[in-house]
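A.B. asks: All residue numbers for the first sequence refer to this note's numbering, where the first residue is 50 and numbers rise by one.
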Amino acid sequence: MNRFYVTTPIYYVNDVPHIGHAYTTVSADAVARWHRLLGDETMFLTGTDEHGLKIQRAAEENGISPLEQADRTSQRFRDAWVELDISNDQFIRTTEPRHHVAVQELLARAKANGYIEKGSYAGHYCVSCEAYYTDSDLVDGNCPVHERPVEWLEEDNYFFKLSALEAELTEWLSNDTVVPEGKRNEALGIVKLGLDDVSMTRTSIDWGVPVPWDDDHVFYVWYDALINYATAVGFGSDEASFEQWWPEAHHVIGKDILRFHCVYWPAMLMAAGLKPPKKIFVHGFLLLGGKKLSKTGLTQIRPADLIADFGVDGYRYHFLRGVSFGPDSEFSYEGMVERYNSDLANTLGNLLSRVATVVNKKCGGVGPKPRVDSPLAAVAATSYAKAAEAWDNFQPSVALEATWQLVRETNVFLEQNEPWKMDEGSQEVADVLGDALEVLRITAVCASPALTRASQAIWEAIGMEGEVTDQRLPEAASWGAYPGGTTVPKAPPLFPRMKVEG
RNA sequence: GGCGACGUAGCUCAGCUGGUAAGAGUGCUCGACUCAUAAUCGAGAGGUCGUGGGUUCGAGUCCCACCGUCGCUACCA
50 MNRFYVTTPI YYVNDVPHIG HAYTTVSADA VARWHRLLGD ETMFLTGTDE
100 HGLKIQRAAE ENGISPLEQA DRTSQRFRDA WVELDISNDQ FIRTTEPRHH
150 VAVQELLARA KANGYIEKGS YAGHYCVSCE AYYTDSDLVD GNCPVHERPV
200 EWLEEDNYFF KLSALEAELT EWLSNDTVVP EGKRNEALGI VKLGLDDVSM
250 TRTSIDWGVP VPWDDDHVFY VWYDALINYA TAVGFGSDEA SFEQWWPEAH
300 HVIGKDILRF HCVYWPAMLM AAGLKPPKKI FVHGFLLLGG KKLSKTGLTQ
350 IRPADLIADF GVDGYRYHFL RGVSFGPDSE FSYEGMVERY NSDLANTLGN
400 LLSRVATVVN KKCGGVGPKP RVDSPLAAVA ATSYAKAAEA WDNFQPSVAL
450 EATWQLVRET NVFLEQNEPW KMDEGSQEVA DVLGDALEVL RITAVCASPA
500 LTRASQAIWE AIGMEGEVTD QRLPEAASWG AYPGGTTVPK APPLFPRMKV
550 EG
């Protein structure tokens with residue numbers, strides 16, 4: 050029995066869920082679903098990051114407690130993930146007691162090991178950035194990022210001795226721990242430049258995890274947040290669980306938080322005497338017209354609106370197939386319509402329609418069995434092999450392309466054999482349609498990590514029983530499992546074609 | 001300012017350690033078919049692989065510079 054533990058970042062509750070958050074989450078979800086198909090014992094974690102000054106201030110403005118503030122905004126993420134059929138096994142919140150326990154335990158170990166010591170820090174502090182600035186950083190006395198006034202803060206801090214871990218980090222990064230390779234080199238570069246010790250506590254804030262050895266301090270939000278990945282699988286509360294899951298930890302993150310996840314986080318674990326995560330997958334950004342999303346209002350594009358137009362399947366498919374995992378990627382509504390129409394409506398949806406119709410005309414609506422020696426058997430085998438490898442390498446777009454190759458080949462196959470011209474009830478028409486139905490069965494299974502609903506619809510449309518998600522790979526993708534003899538009704542289009550707006 | 005990534009057909013993107021005449025999907029043109037969601041199938045047009053140098057028998061693929069986009073990061077005067 051293999052185990053697979055995959056996480057998304059925990060999202061800062063003050064944000065409104067946008068397609069960037071959704072992209073990360075859907076990607077992790079699809080991979081988690083693939084591992085479940087493989088029969089792996091899978092743990093998929095997402096959640097919200099709820100500490101820090103910004104939350105504290107927002108709560109004050111709204112006249113409520115920080116926790117109430119976090120409750121409200123955290124719920125938005127839960128709702129968004131329900132809408133996208135996200136199959137997370139846990140939704141962690143950093144305000145949970147178990148998390149406080151884990152944070153205190155992990156960092157107490159780091160301190161006991163000599164990696165945390167006291168120091169002091171002073172500077173201009175921007176609340177929105179939650180960061181200090183020097184005089185020269187300031188623009189007209191304001192924060193250069195937010196263009197709002199900064200505050201002079203001076204506080205005693207506990208510093209994390211990052212510098213002491215450079216050699217170990219370099220060693221860890223020398224393997225395939227961070228992918229793609231370009232991102233790993235970036236992390237390596239950060240370490241090579243030399244690491245400064247970092248301040249990891251605050252006295253100026255109350256809203257955080259208390260430092261166990263010093264009541265006046267709370268941990269700075271980042272150092273509390275990262276530990277959620279350990280908390281969720283039992284660190285500090287269930288060591289047996291933690292030992293089972295932690296060696297299989299895979300993090301999915303955006304390139305903007307590479308430094309924290311690929312340098313600070315493994316260092317924190319090392320300092321506490323724990324193993325760094327198994328693997329970190331780093332993806333790029335979604336762009337609109339070549340610009341990053343926050344600058345162009347792409348954050349204003351709400352997943353819910355796109356789901357309304359394309360459905361959950363259309364939404365998930367577009368981002369999984371259309372975005373190669375790693376580089377930045379262009380997003381456009383028109384591109385989404387194109388992808389939906391060509392891949393989902395025309396190639397896959399239409400295949401199901403035409404097969405169902407011919408089965409009804411030539412086989413009395415009962416699906417025939419596939420041939421053992423079908424010419425499509427080899428195509429299916431190749432398709433599966435490619436897809437499996439790609440999912441394993443966290444490349445959903447490659448995996449889905451491989452799956453669609455099989456679907457496209459099947460359209461060609463029908464064109465070459467023209468079952469609609471064959472005699473009703475003949476063996477030859479049964480052979481051709483049985484093969485096509487078998488492809489639809491395999492496709493339903495292999496596409497299910499992306500198409501959470503349509504895959505089940507296809508499964509039922511060809512007369513299969515039960516849940517497609519209960520199938521087990523690789524057996525379920527091997528040729529010949531479609532039993533035949535099941536009713537294949539004509540049905541309305543699976544993916545109604547979208548009209549292109551003039 | 002420093003570090004790094006990216007810049008390939010109209011569009012969205014593949015192209016691992018350099019080497020059979022540069023690929024896919026989509027879009028476009030033409031043809032076929034008509035079982036199917038104005039869908040499907042076939043053929044074709046379309047690229048000096050950001051710009052300029054360099055290494056090499058040979059570079060989209062390595063090196064340098066520059067331009068553009070993006071991320072991180074640093075700012076003492």
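We put the CB at the ideal spot given by N, CA and C, even for glycine.
Which two residues bound the contiguous alpha helix (DSSP H) that contains Q476?
C.D. replies: Within the first sequence, the letter at position 427 stands for residue 476. Unbroken alpha helix (DSSP H) run through Q476: 476-496.
A.B. asks: Sorted by chain position, which residues of the same chain lie with C-beta nearer than 7 Å to A451's C-beta, five sequence neighbours on each side aside?
C.D. replies: Residue 451 sits at position 402 when you count from the first residue of the first sequence. Correct list, in chain order: S432, K435, A436, A439.
A.B. asks: With 16 as the cutoff for other CB atoms within 10 Å, does S253 come out buried or exposed?
C.D. replies: For the purposes of this step, residue 253 is identified with residue 204 of the first sequence, where counting begins at 1. Exposed, because fewer than 16 other Cβ atoms sit within 10 Å of the Cβ of S253.
A.B. asks: Between the alpha carbons of Y531 and E215, how many angstroms are there, rounded?
C.D. replies: Mapped onto the first sequence, residue 531 falls at position 482. Mapped onto the first sequence, residue 215 falls at position 166. Their backbone Cα atoms lie some 55 Å apart in a straight line.
A.B. asks: What number of angstroms, rounded off, separates the C-alpha of E154 from the C-alpha of W508?
C.D. replies: Sequence index remark: in the first sequence, residue 154 carries index 105 (1-based). Sequence index remark: in the first sequence, residue 508 carries index 459 (1-based). Near 48 Å, if we compare the C-alpha coordinates of W508 and E154.
A.B. asks: Quick one: grab the DSSP three-state call for V62.
C.D. replies: One-based indexing of the first sequence puts residue 62 at position 13. The answer is coil: DSSP assigns V62 none of H, G, I, E or B.
A.B. asks: Taking a contact to mean a Cβ-Cβ separation below 8 Å, would you say E322 touches R158 in this structure?
C.D. replies: Taking the first residue of the first sequence as position 1, residue 322 is located at position 273. Taking the first residue of the first sequence as position 1, residue 158 is located at position 109. Rather than Glu, the amino acid found at residue 322 in this sequence is Gly. Yes, Cβ-Cβ distance for G322 and R158 is below 8 Å.
A.B. asks: Taking all protein chains shown into account, do 16 or more other C-beta atoms lie within 10 angstroms of the C-beta of E200, making it buried, or fewer, making it exposed?
C.D. replies: Position 151 of the first sequence, counting from 1, holds the residue named residue 200. Burial call: exposed.
A.B. asks: Residues in its own chain within less than 6 Å of P554 by CB, not counting five upstream and five downstream?
C.D. replies: Lying before the first or after the last residue shown, residue 554 is absent from the chain, which here runs from 50 to 551.
A.B. asks: Answer yes or no: do V240 and Y207 have a C-beta to C-beta separation smaller than 8 Å?
C.D. replies: Numbered from its first residue, the first sequence carries residue 240 at position 191. Numbered from its first residue, the first sequence carries residue 207 at position 158. Cβ distance not < 8 Å, so V240 and Y207 don't count as in contact.
A.B. asks: Return helix, strand or coil for G416, following the three-state DSSP convention.
C.D. replies: As a working note, residue 416 is residue 367 in the first sequence. Residue state, collapsed to three classes: strand.
A.B. asks: Taking all protein chains shown into account, decide if T536 is buried (16 or more other Cβ within 10 angstroms of its Cβ) or exposed.
C.D. replies: Here residue 536 corresponds to residue number 487 of the first sequence, with the count starting at 1. Exposed: under 16 other Cβ atoms inside 10 Å.
A.B. asks: Which of the three DSSP states is assigned to L400 in this structure?
C.D. replies: Here residue 400 refers to the residue found at position 351 when the first sequence is read from its first residue. If DSSP states are grouped into helix, strand and coil, L400 belongs with the helices.
A.B. asks: Got a sec, what are the start and stop residues for the alpha helix (DSSP H) V258 sits in?
C.D. replies: Walking along the first sequence from the start, residue 258 turns up at place 209. Careful: V258 lies outside any alpha helix (DSSP H) and carries neither H nor E.
A.B. asks: First and last residue of the beta strand (DSSP E) that includes T95?
C.D. replies: Position 46 of the first sequence, counted from the start, is the residue given in the question as residue 95. Taken as a continuous stretch (DSSP letters only), the beta strand (DSSP E) holding T95 covers 90-98.
A.B. asks: Nearest to W130 by CA position, among T73, A107, N162, E145, is which residue?
C.D. replies: Here residue 130 corresponds to residue number 81 of the first sequence, with the count starting at 1. Closest option to W130, Cα to Cα, is T73.
A.B. asks: I need the DSSP call for A298, collapsed to helix, strand or coil.
C.D. replies: Taking the first sequence and counting its residues from 1, the one referred to as residue 298 is at position 249. In the structure shown, A298 sits in a strand (DSSP, three-state: E or B).
A.B. asks: What are the partner residues of F328, as DSSP defines its beta bridges?
C.D. replies: The residue given as residue 328 occupies position 279 in the first sequence. Per the sequence shown, residue 328 should be read as Lys rather than Phe. According to DSSP, which records beta bridges pairwise, K328 is partnered with H299.
A.B. asks: Are the Cβ atoms of A107 and T91 separated by less than 8 Å?
C.D. replies: Along the first sequence, read from residue 1 onward, the residue named residue 107 stands at position 58. Along the first sequence, read from residue 1 onward, the residue named residue 91 stands at position 42. Taking 8 Å as the Cβ cut-off, A107 and T91 do not qualify as a contacting pair.
A.B. asks: State buried or exposed for A161, treating a residue as buried only when at least 16 other CB atoms are found within 10 Å of its CB.
C.D. replies: Locating residue 161 in the first sequence gives position 112, where the first residue counts as 1. Counting other Cβ atoms within 10 Å of its Cβ, A161 stays below 16 and is therefore classed as exposed.
A.B. asks: Can you tell me the Cα-Cα spacing of S497 and S504, whole angstroms?
C.D. replies: Along the first sequence, one-based indexing puts residue 497 at 448. Along the first sequence, one-based indexing puts residue 504 at 455. Cα-Cα distance, rounded: 5 Å.
A.B. asks: Helix, strand or coil for F291? Go by DSSP, reduced to three states.
C.D. replies: Here the question's residue 291 lines up with position 242 in the first sequence. In the structure shown, F291 sits in a helix (DSSP, three-state: H, G or I).
A.B. asks: Apart from the five residues just before and just after W469, which ones in its own chain have a Cβ nearer than 8 Å to its Cβ?
C.D. replies: To locate residue 469, count along the first sequence from 1; it is residue 420. V407, K410, K411.
A.B. asks: So what's I141 in DSSP terms, helix, strand or just coil?
C.D. replies: For the purposes of this step, residue 141 is taken as the residue at position 92 of the first sequence. In the structure shown, I141 sits in a strand (DSSP, three-state: E or B).
A.B. asks: If you measure between the beta carbons of G501 and R365, is that distance less than 8 Å?
C.D. replies: Indexing the first sequence from 1 puts residue 501 at position 452. Indexing the first sequence from 1 puts residue 365 at position 316. This sequence places Thr at residue 501; Gly is not what is there. Their beta carbons are under 8 Å apart, which means T501 touches R365 by this criterion.
A.B. asks: Evaluate L401 with the Cβ neighbour count: other Cβ atoms within 10 Å of its Cβ, from every protein chain shown; 16 or more gives buried, anything less gives exposed.
C.D. replies: If you number the first sequence from 1, residue 401 lands on position 352. When all chains shown are included, L401 counts as buried.
A.B. asks: Given a threshold of 16 other Cβ atoms within 10 Å of its Cβ, counted over all protein chains shown, does V456 qualify as buried or as exposed?
C.D. replies: In the first sequence, the residue the question calls residue 456 occupies position 407. Buried is the call here.
A.B. asks: In whole angstroms, what separates the C-alpha of A525 from that of Y389?
C.D. replies: Counting from 1 along the first sequence, the entry for residue 525 is found at position 476. Counting from 1 along the first sequence, the entry for residue 389 is found at position 340. Whole-angstrom Cα-Cα distance: 26 Å.
A.B. asks: Are the CB atoms of F330 and F374 nearer to each other than 8 Å?
C.D. replies: Indexing the first sequence from 1 puts residue 330 at position 281. Indexing the first sequence from 1 puts residue 374 at position 325. Against a cut-off of 8 Å, the Cβ pair of F374 and F330 comes out as a contact.
A.B. asks: With a threshold of 16 other CB atoms inside 10 Å of the CB of E514, please say whether the residue is buried or exposed.
C.D. replies: Stepping through the first sequence from its first residue, residue 514 is reached at position 465. Classification for E514: exposed.
A.B. asks: Determine the direct distance from the alpha carbon of I113 to that of Y164, and round the result to whole angstroms.
C.D. replies: Position 115 of the first sequence, counted from the start, is the residue given in the question as residue 164. Position 64 of the first sequence, counted from the start, is the residue given in the question as residue 113. Just so you know, the alpha carbons of Y164 and I113 end up roughly 37 Å apart.
A.B. asks: Going by beta carbon distance, what residues of the same chain come within less than 6 Å of I491, once the five residues before and after it are set aside?
C.D. replies: Counting from 1 along the first sequence, the entry for residue 491 is found at position 442. Cβ neighbours of I491 beyond the five flanking positions: A429, A526.
A.B. asks: Smallest Cα separation from H300: which of L307, D273, I276, K328?
C.D. replies: Start at 1 with the first residue of the first sequence, and residue 300 comes out as number 251. Residue K328 is the option with its Cα nearest to H300.
A.B. asks: Please report the distance separating the alpha-carbon of T345 from that of G529.
C.D. replies: What you label residue 345 is simply residue 296 of the first sequence in a count that begins at 1. What you label residue 529 is simply residue 480 of the first sequence in a count that begins at 1. With a pLDDT of 47 at T345, under the threshold of 50, the modelled position of this residue cannot be trusted, and the question is left open.
A.B. asks: What does the alpha-carbon distance come out to for the pair T219 and M249?
C.D. replies: In the first sequence, counting from the first residue as 1, residue 219 sits at position 170. In the first sequence, counting from the first residue as 1, residue 249 sits at position 200. Between T219 and M249, the C-alpha separation is close to 22 Å.
A.B. asks: Is it true that the CB of R420 sits closer than 8 Å to the CB of G483?
C.D. replies: As a first step, residue 483 is located in the first sequence; it is residue number 434 there, counting from the start. As a first step, residue 420 is located in the first sequence; it is residue number 371 there, counting from the start. Yes; because the gap between Cβ atoms is below 8 Å, this pair is in contact.
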